[in-house]
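Protein chains in written order, with this note's numbering: chain A, 24 to 342; chain B, 24 to 342.
To start, the structure itself, in structure tokens.
Set out below in structure tokens:
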């Protein structure tokens, strides 16, 4: 079967494609044999069954033209991240809202009901939810990114209710440790304060050491996205939006784990310099979730932050 | 000062315009002297300071052209109602979502920050909120109308947070007794079962007598919309969305009040015939709200359902 992945050239997208085509995923009951990556740049994967299309996801005609006879779904991962969606309001609305709508309408107008995976974020929560989020906590975003993701959730749910699409929405924790360079996500520092010191490079933390964040490793998030794509529809029919499991860790405890894994000197490469703009966004996000529902649905959790650092070190040495 | 009212030809819009221009509203601190009604049909009011513009509210250029030097805000009331938004999905998305966005962008691109009143609905709630809604209850619409209104709320909140607009969102209870003819709102019967018998006409109730609804008279809703337009911004700055007060009344108790006001024979004109489509929409709405916040902000409530019928009878005889 064929799957379209928007944002397929990105960090999560390319990992998702790679994982879906690896033999170990056959057991999941997802028989994905061909994948089309749709992104503004080429998908970095070199695989005979991956087609890389460079184009605008906001173009409804382009998305429709990529849907084939054997297409079973779309994994819609492309997005403008939090800081950028806040500073470039029009771009954020265009990509995070208009493109999501264009993809939903491409599905609606297709003759066969397609499965749609949409990645949302804990940024849909803001003031008024308290420190711990329940499955029925109130969505009150305090950023344009969170607003646009919350709107995407509402649209996927309504299109699914109408039967236009078989939608699955995953609210992602903050993903650490991301490899590569810092990006325009407000949470980018959370990877930076681990990744940079492990390479001997200083890193600046813009928030207080006591700030707790809701985290997941990239590997666990990819496992969970595949699980969300594969899960039986009847299990999520009533509520398409899933708060993915994560672990709640303070910046201080993240650095404690870094010290345990890599020594005092490595940890000492992290300094603190408060950034009010970053802090306002990140501290509006909840620090912990009740994930009973996701747990019961079989989604995965990391063992702890030391394990997350371990995985990152292992992935660095394997590439 | 000048105000634009979308849906100004409609039931609420024309009453809002009329009330704003009546001398008794001067005391509210809202100095509205001129009003432009924007609607697909002409505003029925004949008043020298009311300009009636016939056009599409989805046309951003048209909305922008109506903003004058002395415009202080827009009351955006135009909408496709619940049953119609459910059956004509594209029309609902177009009017309830695209037009709201066009109006917000017209405000954003205007040189002066405008006040924006947006009418939302209890239909933003659905499964999972329980029978009684708190101020922080979870928005999980179970209709396209509710979805589109929930998206409008998110947009108004985010545009307000950016300072693009000074937004105020009122979640309206079901309004009874509406005069005139039944409309395509799923809740239309709630007015019909009072209005029709009072005119000696039979009426069919599509839901169970035990179903409770969250109700407000038109007069109280208009008072509350004016209050929402007039209220100091600092009081709602943290949360732009207000659950308006109402009263929770079962269909049975509505008919009891009808019998008290108009006799057994009048009540006997109401028969029951279950309509699964209507029932699915209306019974997904909450029956009662905790309105502590709205009460503290000075919003008004009806004295009871007998008083609502009284007001309707009085308004009929005065026109």
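Yeah, the Cβ is synthetic: ideal placement off N, Cα and C, and Gly gets one too.
From a predicted model like this one, the values you see are computed outputs, not experimental measurements.
Look at residue i and residue j and say whether their C-beta atoms are less than 8 angstroms apart.
i: residue 237 of chain B; j: residue 311 of chain B; result: yes
i: residue 105 of chain A; j: residue 166 of chain A; result: yes
i: residue 180 of chain B; j: residue 264 of chain B; result: yes
i: residue 296 of chain A; j: residue 227 of chain A; result: yes
i: residue 4 of chain B; j: residue 98 of chain B; result: Residue 4 of chain B is absent from the model: chain B starts at 24 and stops at 342.
i: residue 325 of chain B; j: residue 270 of chain B; result: yes
i: residue 136 of chain A; j: residue 189 of chain A; result: yes
i: residue 143 of chain B; j: residue 176 of chain B; result: yes
i: residue 266 of chain B; j: residue 194 of chain B; result: yes
i: residue 214 of chain A; j: residue 201 of chain A; result: yes
i: residue 42 of chain B; j: residue 174 of chain B; result: no
i: residue 209 of chain B; j: residue 304 of chain B; result: yes
i: residue 242 of chain B; j: residue 334 of chain B; result: yes
i: residue 71 of chain B; j: residue 37 of chain B; result: no
i: residue 205 of chain B; j: residue 274 of chain B; result: no
i: residue 96 of chain B; j: residue 138 of chain B; result: yes
For the putative contact between residue i and residue j, defined by C-beta atoms under 8 angstroms, what is the C-beta separation to the nearest angstrom?
i: residue 216 of chain B; j: residue 277 of chain B; result: 7 angstroms
i: residue 148 of chain B; j: residue 268 of chain B; result: No, residue 148 of chain B and residue 268 of chain B are not in contact; Cβ-Cβ is about 16 angstroms, not under 8 angstroms.
i: residue 31 of chain B; j: residue 62 of chain B; result: 5 angstroms
i: residue 101 of chain B; j: residue 197 of chain B; result: Wrong, their Cβ atoms sit about 19 angstroms apart, outside the cutoff.
i: residue 301 of chain B; j: residue 230 of chain B; result: 7 angstroms
i: residue 88 of chain A; j: residue 73 of chain A; result: Their Cβ separation, rounded to whole angstroms, is 18 angstroms, which puts residue 88 of chain A and residue 73 of chain A out of contact at 8 angstroms.
i: residue 168 of chain B; j: residue 108 of chain B; result: 4 angstroms
i: residue 306 of chain A; j: residue 234 of chain A; result: 6 angstroms
i: residue 119 of chain B; j: residue 172 of chain B; result: 7 angstroms
i: residue 249 of chain A; j: residue 44 of chain A; result: That pair is no contact at about 11 angstroms.
Identify which residue in the options has its Cα closest to the Cα of residue i.
i: residue 251 of chain B; options: B:31, B:187, B:140; result: B:140
i: residue 332 of chain A; options: A:220, A:318, A:55, A:266; result: A:220
i: residue 58 of chain B; options: B:307, B:325, B:93; result: B:93
i: residue 145 of chain B; options: B:341, B:327, B:323, B:313; result: B:313
i: residue 35 of chain B; options: B:240, B:272, B:122, B:321; result: B:240
i: residue 80 of chain A; options: A:91, A:126, A:261, A:327; result: A:126
i: residue 21 of chain A; options: A:119, A:279, A:132, A:242; result: Not covered by the structure: residue 21 of chain A. The range shown for chain A is 24 to 342.
i: residue 33 of chain A; options: A:303, A:90, A:75, A:160; result: A:75
i: residue 121 of chain B; options: B:281, B:170, B:339; result: B:170
i: residue 91 of chain A; options: A:124, A:130, A:77; result: A:130
i: residue 261 of chain B; options: B:39, B:24, B:316; result: B:316
i: residue 211 of chain A; options: A:298, A:56, A:39; result: A:298
i: residue 65 of chain B; options: B:54, B:77, B:321; result: B:77
i: residue 183 of chain B; options: B:323, B:128, B:157; result: B:128
i: residue 318 of chain B; options: B:291, B:158, B:40; result: B:158
i: residue 192 of chain A; options: A:218, A:256, A:161; result: A:256
i: residue 218 of chain A; options: A:117, A:327, A:292; result: A:292
i: residue 327 of chain A; options: A:287, A:272, A:285; result: A:272
Per DSSP, what kind of secondary structure is residue i in: helix, strand or coil?
i: residue 143 of chain A; result: strand
i: residue 102 of chain A; result: coil
i: residue 137 of chain B; result: strand
i: residue 117 of chain A; result: helix
i: residue 34 of chain A; result: helix
i: residue 26 of chain B; result: strand
i: residue 91 of chain A; result: coil
i: residue 59 of chain B; result: strand
i: residue 166 of chain B; result: coil
i: residue 109 of chain A; result: helix
i: residue 149 of chain B; result: coil
i: residue 275 of chain A; result: helix
i: residue 45 of chain B; result: coil
i: residue 343 of chain B; result: Nothing can be reported for residue 343 of chain B, as the shown portion of chain B is limited to 24 through 342.
i: residue 80 of chain B; result: coil
i: residue 263 of chain B; result: coil
i: residue 73 of chain B; result: strand
i: residue 86 of chain B; result: helix
Within the stretch 170-255 of chain A, ranges of the alpha helix (DSSP H) (whole runs, at least 4 residues): 211-221, 241-253
Sequence ranges, beta strand (DSSP E) only - wholly within the stretch 288-331 of chain A, length at least 3: If we require 3 residues or more, the beta strand (DSSP E) runs fully inside the stretch 288-331 of chain A come out as 293-295.
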